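Participant:
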Amino acid sequence: MFFKNILKFTSILTILFLITCLLFSIIKPIGKEIIDFIDSTKFIILFILILCTISYILCKCRDNLDKTNTLKKNKLFDDETDKEFNADKVVGLKNIINSHEGNKFFSLALIGDWGSGKSSFLRKLEDKINDEKKDIVIYLNVWELENIQNILQEIEKEFDDIILKFSKKEWIIYHLKGILVRNYFSILSKYFVENSININLPFSNTIKDSKDEYNSLLKRVLQDKKIVLILDELDRLESKADVVDIFKVIRYLTSFDKVFTITGLDINKLPEGIELDYTHKIFNSKYAIPKTTRAELLNFLREKGSEQQSDFIKEEEFNEILNTNIGSIDLCLIDFITNYREAKSILNDTYIFCNSLNDNSKFKDNWNKFIDFEFILVLNILKSVNLELYLKFMNENERMQLLIMNSQKPSQFNEPLAKYDNGEKKSTLSEKEKKKVDDFLEYELTAILNNLKSRIENLSQNLYVYTHQNIYDYMFTEDEYNKFVEDTGSIKEKIKSLNNIQISHDYKPNDNKLEDNFIILLIQRLYDEEDKSNRLKVIETIFEDKDIKYSLEILIVLIESYYTLNVMEELFKFNLNKNSLSDENNKPYIDSFMIKIISRDKTNALIKLLFNQIKGTSYEENFKNDLLRFKYISENKDKLIELHNIINTILGEGYNQFFKDEEEYYIWGKQNELKYKFGKDIKKMINENTKLQEEFKSTKN
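Read left to right, the sequence shown gives residues 1 to 701 (UniProt numbering).
Spelled out as structure tokens, the structure:
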């Protein structure tokens, strides 16, 4: 085809050349010198050289394009990979088809769970039948064809093409006759539109006559061959009516002796209302797709997987990650991948992600120093085996809490884990048992995340790169971090270089500064720094020349994502020191900071750190009022008990010392209005309600 196009191209140029010569001959007086040149041998040689050059360039571009396409195709696991994975498994079904020599219709159901590889199995079967050339195969994706009319039209078209291929004479006679008499497929199409059959043409056949004539036609044309009709993706149809329509199509094809239908379906995915007994009426036989053995899956992951990822990681390192033992659950990562579809999805997602980072010209050679390959692979495993937990993890407010939480193993139970089931067993579990399975799986997957946390440095940056699928100038490698700790002056150099980039790229004033992002990531890296002296000197280097407004803004950003209490305590102590608290110019910023901490801190851990810093200063009374206002403390018994718990348990204070008798404090009234209460009145209310609570507990006991 390509060389045919080249021939067309050269022919067009030649015709244009001849037309040009003719035109110049007509207007010869105008350009005699030009015409002499065109008539000369030099021009002909030049013309041939131009043609050859253009042809060479086009061929070269085509070769390069083919190489690029081949490279991309070979790297991602696609339908061809699926076929090869099922190459040996289709032999059994192919033998069944070959052994069915009788001139009788036969329908077979290929049974397999979701993800078991039915589609790739059927595609490989199609290739095998085509290679043998013994029978004719038609493959139809019933889900893509959308409705019954499209499916019937597609079957009619495929059958029509087969008739034309094997007997043009029969094809012509059939279509000439079809001008006067409606054929079988036309009657069926009308039936599905009108839900009844009304034959009203002057030379109409009965339905039986139409079927018999078409059946005889197929026999004459096919002779010793048969049509193998593959109907795939039936279990994607959600409507009962759509599935029943497909079954009707199979039933209407029973009149054709030369047809062998194979329908791929998951029995457990059939819409409600279609009983298993009903399928026995439609299919002469059922063939269960051979299960992918654990050994086959492991070999695919270790051999094909490591080969695909070879641009990014060595084979032995890749297999070492897959076989990492997670001590708390005594499983490896590879144990969570249970079928071929999951494996292919995980590997393709990982390849696409790594390849996109590898194409970043600025970080092409060292992108894997900013994000760990293991982190990418583990997150993609999580996405494949438990999408709900993955989405929960990727939520900005919850993902780090999942990483640092103390997972507790749910109570044991005798039912097998869902991820090791074949599908049929899972459906027999009660709702309560399913909940236990889900809890156990979530525990196991959280254990994976905790294991990841223990193995990977700079987790926050890994998360950021994974989420944004990009590497930015303000990020740093682990080697750079070690340099920051050894020589804190290098932190200043990094900030200076980022500010120069900021200026050169003409960032808008309200854009996030590169410096801010760098500082946030650097502090988050300190969460995993065990050496307190290293943490303190990095914090001092970052904030020593920053004003209180900037410092507190950075702290607010940090507490809104995630934090560790030890680093946050060190940040509070450094920035809310005696000098900053005694400077009146800082008051608006510190007051605003206190309000944000009290209103946003759900665990009250930061409130404790804040109180420790401002206790005994001019900010203490403001803190108490803010606590009452923004924790919405009212005269309600439960809210007063909550206040008592915060003061007593969190702050470690007694409420009699916390409130001053003659000092007025804000408190919420019954109509949701703020009003003043003396400290002695608040203490009295707390005292009365806590006594009631203690009496209630003692009575209950």
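Cβ coordinates follow ideal geometry from the N, Cα and C atoms, glycine included.
Note that this is a predicted model, so its numbers are computed, not measured.
Are the segment 86 to 100 and the segment 370 to 377 touching by the rule of at least three beta carbon pairs closer than 8 Å?
Facilitator: No contact exists between the segment 86 to 100 and the segment 370 to 377.
Participant: In this structure, how does DSSP classify Lys-677 when only helix, strand and coil are distinguished?
Facilitator: Looking at Lys-677 - three-state DSSP - the assignment turns out to be strand.
Participant: Using the three-state DSSP reduction, which class does Lys-631 fall into: helix, strand or coil?
Facilitator: In the structure shown, Lys-631 sits in coil (DSSP, three-state: anything other than H, G, I, E or B).
Participant: Relative to the C-alpha of Asn-348, which candidate in Ile-647, Asp-78 and Phe-659 has its C-alpha closest?
Facilitator: Selected option, being the one with the closest Cα: Asp-78.
Participant: Go through its chain and collect everything with a Cβ distance to Asn-625's Cβ below 7 Å, but skip five positions before and after it.
Facilitator: Around Asn-625: Tyr-665 and Tyr-666.
Participant: Any chance you could list the alpha helix (DSSP H) runs of at least 4 consecutive residues sitting entirely within the segment 553 to 582, in chain order?
Facilitator: Within the segment 553 to 582, the complete alpha helix (DSSP H) runs of at least 4 residues are 565 to 575 and 578 to 582.
Participant: Rounded to whole angstroms, what is the Cα-Cα separation between Tyr-174 and Asn-358?
Facilitator: So the two alpha carbons sit approximately 59 Å from each other.
Participant: What would DSSP say about residue 735, mapped onto helix, strand or coil?
Facilitator: With the chain running from 1 to 701 in the structure shown, residue 735 is simply not present.
Participant: Note down the Cα distance separating residue 762 from Leu-526, rounded to an integer number of angstroms.
Facilitator: One cannot answer for residue 762 here, as it falls past the ends of the chain, which runs 1 to 701.
Participant: Could you have a look at Phe-658 and say whether DSSP puts it in helix, strand or coil?
Facilitator: DSSP places Phe-658 in helix when its eight states are reduced to three.
Participant: Express the C-alpha separation of Thr-649 and Ile-590 in angstroms, rounding to a whole number.
Facilitator: Whole-angstrom Cα-Cα distance: 25 Å.
Participant: Would the beta-carbon of Leu-514 fall within 7 Å of that of Leu-536?
Facilitator: No, the Cβ-Cβ distance between Leu-514 and Leu-536 is not below 7 Å.
Participant: Looking only at DSSP bridge pairs, what is Tyr-666 linked to?
Facilitator: Its beta-bridge partners are Tyr-676.
Participant: Are there 16 or more other CB atoms within 10 angstroms of the CB of Gly-652, so buried, or fewer, so exposed?
Facilitator: By the neighbour-count rule (16 or more Cβ atoms within 10 Å), Gly-652 is not buried but exposed.
Participant: Whole beta strand (DSSP E) runs in the segment 201 to 243 with 3 or more residues, listed along the chain?
Facilitator: Whole beta strand (DSSP E) segments, 3+ residues: 227 to 232.
Participant: When you compare each of Thr-690, Ile-633, Glu-688 and Glu-570 to Lys-675 by their alpha carbons, which one comes out closest?
Facilitator: That would be Ile-633, whose Cα lies nearest to the Cα of Lys-675.
Participant: What residues are listed by DSSP as bridge partners for Gly-264?
Facilitator: Leu-110.
Participant: Closer than 8 Å is the cut-off here; do at least three beta carbon pairs connect the segment 252 to 263 with the segment 212 to 226?
Facilitator: Counting Cβ pairs under 8 Å, three or more are found: they touch.
Participant: Suppose you measure from the CA of Asn-325 to the CA of Arg-251; what does that come to, to the nearest Å?
Facilitator: Going from the Cα of Asn-325 to the Cα of Arg-251 covers about 53 Å.
Participant: What does the alpha-carbon distance come out to for the pair Ala-109 and Thr-263?
Facilitator: The straight-line gap from Cα to Cα measures roughly 5 Å.
Participant: Here's a check: name, in chain order, each residue in its chain whose Cβ is nearer than 7 Å to the Cβ of Ile-346, leaving out the five neighbours to either side.
Facilitator: Closer than 7 Å at Cβ, skipping near neighbours: Ile-337, Asn-380, Ile-381 and Ser-384.
Participant: Using DSSP bridges, identify the partner residues of Asn-325.
Facilitator: The partner list for Asn-325 (beta bridge, DSSP) reads Cys-332.
Participant: Contact check, Lys-670 vs Glu-635 under 8 Å by CB: the rounded distance?
Facilitator: Indeed, because the Cβ distance is near 7 Å, the residues count as touching under 8 Å.
Participant: Using the C-alpha atoms, what's the distance from Tyr-351 back to Val-243?
Facilitator: In a straight line, the C-alpha of Val-243 is about 37 Å away from that of Tyr-351.
Participant: Can you say whether Trp-114 is buried or exposed, counting buried as having 16 or more other CB atoms within 10 angstroms of its CB?
Facilitator: With fewer than 16 Cβ atoms within 10 Å of its Cβ, Trp-114 is classed as exposed.
Participant: Here's a check: name, in chain order, each residue in its chain whose Cβ is nearer than 6 Å to the Cβ of Thr-261, leaving out the five neighbours to either side.
Facilitator: Within the same chain, Thr-261 has close Cβ partners Ser-107, Leu-229 and Ile-250.
Participant: Can at least three beta-carbon pairs, one atom from the segment 576 to 591 and one from the segment 604 to 614, be found at a separation below 8 Å?
Facilitator: In short, these stretches touch, since the Cβ pair count reaches three.
Participant: If I measure Cβ to Cβ from Phe-300 and keep anything under 8 Å in the same chain, skipping five residues before and after, which residues do I get?
Facilitator: Excluding sequence neighbours, Phe-300 sits near Phe-85, Tyr-340 and Ala-343.
Participant: According to DSSP, is Ala-288 helix, strand or coil?
Facilitator: Strand at Ala-288.
Participant: I'd like the span of the alpha helix (DSSP H) that includes residue 703, first residue to last.
Facilitator: Because residue 703 is not part of the residues shown, which for the chain are 1 to 701, the question remains open.
Participant: In three-state DSSP terms, what is Asn-395?
Facilitator: Coil at Asn-395, not helix or strand.
Participant: Should Thr-293 go down as buried or exposed, given a rule of 16 or more other Cβ atoms within 10 Å for buried?
Facilitator: Exposed, by the Cβ-count rule.
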